[in-house]
Amino acid sequence: MRTQVAIIGAGPAGLLLSRLLALQGVDSVVLENRSREYVEARIRAGILEQHTVDTLTDAGLGERLHREGMEHRGIYLQHPGTRYQLDFPELCGRTVWVYGQTEVTKDLIRAQLDGGPPLLFEVSDVTLEEVDSDSPCVRFTDADGVAQVLDCDVIAGTDGFHGVSRPVVQAAGGHTWERTYPYAWLGILADAAPATDELIYAWHPEGFALYSMRSPSVSRLYLQVDPTEKIEDWSDDRIWENLARRFALDGWDINTGTVTEKSILPMRSFVSTPMRRGRLFLAGDAAHIVPPTGAKGLNLAVADVTLLAQALVRLLTEKQTDLVDAYSDRALARVWRCTHFSWFMTSMLHTSGDDFDAQLQLSQLRRICSSEAAARELAENYTGLPVG
Ligand code: FAS
Ligand code: PHB
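Numbering-wise (my numbering), the sequence shown opens with residue 619 and increments by one.
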């Protein structure tokens, strides 16, 4: 087998990269070790920055997004007795969209299988070879158990945090930073109409809570728990009781409903540099992880592949190396900005049990709710800074 770009991983990063390259006449093959059903069933992000919406729309993937997605003009920040609305258009002229990553992935896969570049599910034994040469290759076993060799010009490592690509880059040297937070998120999907028009990020002495949504009839909610908690110890009633306490506000009630999914998600910040080794380029969670408090993970993956697609088109069609040589530094500038913002939101909103911390957090929240400058800084970062 031969292609110009071998893409490892069919998450949002890999699928969107393949689409963006195809639109510029660069061919690729996407290799995914899970099944289509598994990939499409993963419940993850929910907020799309304007840049992400524009990129998907310009790539011909915006039709269902604009029909079913919900444009949001802001968020609420809450602490006991106060629920304050940030107006994004007023503060920074941008909005965000609520449209689940699950739906983004389904749209990308449907387009890929409808005449797009090859997408092979359920591969195994993926190994990357000759990445320091101009003719790397990927060895793998296909879904029928047949050993394959994919010769290519470039390999894109978009295989997430547990993939095989980052270790190949790190084997030639590099640096990683990691911070594991002393809390986790218990997340639920519920057949319940959201009791709010926009997301609520709530600080509470018992812990953080986030009120999000997927549609006018499906709510997505999270509450801060200890990382050692076991989901089987959390009945639906216990979850709803904790959420109701943390969002409590006079004259307002939470909407409960049937919980259709619940899980506990770890919280970490992770950055790996560089994002390149020879003809192997990393993008998305393969290179970095952010805690979901800033709604950055998926959007950062999209920003990476926007830069990487531009660089690979320039390399493979114009034979110019300037953009691939600059890719890692350009991508990492935004990675660190989003890593800081995600850390900032996480540190401000999650209780540690220390009362001094609590006073600092409440002071920061009151500052944002009373200062246009402080609110604008949050709004600009939350809605996404320009890419590139
Ligand atoms: P992904 O991990 O999505 O995709 C990588 C793909 O590579 C996967 O399909 C995997 O199966 C495949 N793969 C791995 N190893 C392979 C191999 N050896 N060979 C072939 N394929 C291989 N972000 C938010 O903004 N908000 C959230 O609320 C949020 N919640 C999250 C919850 C969870 C449990 C997780 C894990 C992440 C969450 N994220 C959230 C972040 C998430 O949305 C990621 O940022 C996003 O999926 C990044 O996309 P990719 O880089 O494509 O990586
Ligand atoms: C979600 O809807 O899953 C979501 C929204 C905002 C976040 C994190 C997750 O910050």
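Ideal placement from N, C-alpha and C gives every residue a C-beta, glycine not left out.
For I773 and A827, the gap between their C-alpha atoms comes out near 40 Å. Here C770 carries a coil assignment [DSSP, helix/strand/coil]. Per DSSP, the beta bridge partners of R757 are T745, V767.
Here Y840 carries a strand assignment [DSSP, helix/strand/coil]. In this structure, DSSP gives E859 a helical state, which the three-state scheme calls helix.
In this chain, the alpha helix (DSSP H) harbouring Q719 covers 719 to 731.
Near the ligand PHB, residues with a Cβ at less than 5 Å from any of the ligand's heavy atoms are G664, I665, S830, R838, P910, A913; the list follows chain order. Distances taken from the Cβ of Q719 to the heavy atoms of the ligand FAS include one shorter than 6 Å.
Secondary-structure assignment with DSSP links F899 through a beta bridge to A774, R894. Along the length of the region 944 to 987, whole alpha helix (DSSP H) runs at least 4 residues long occupy 973 to 986, reported in chain order.
Shown here for A810: same chain residues with a beta carbon closer than 8 Å to its own, the five before and five after excluded, namely S835, V836, S837, N873, T874, G875, T876 in chain order. DSSP places Y702 inside the beta strand (DSSP E), whose first and last residues are 700 to 705. The beta-bridge partner set that DSSP reports for S887 consists of R797. With fewer than 16 other CB atoms across the displayed protein chains lying within 10 angstroms of its CB, A991 is exposed. By the criterion of a C-beta distance shorter than 6 Å, L918 is surrounded in its chain by C956, once the five residues flanking it on both sides are discounted.
Rounded to the nearest angstrom, the gap between the Cα atoms of A913 and Q696 is 17 Å. Pairing D777 with M885, the inter-Cα distance amounts to about 19 Å.
Within the DSSP secondary-structure output, L807 pairs in a beta bridge with R838, E879. Comparing alpha carbon positions, the residue from G1002, E681, P630 closest to F959 is G1002.
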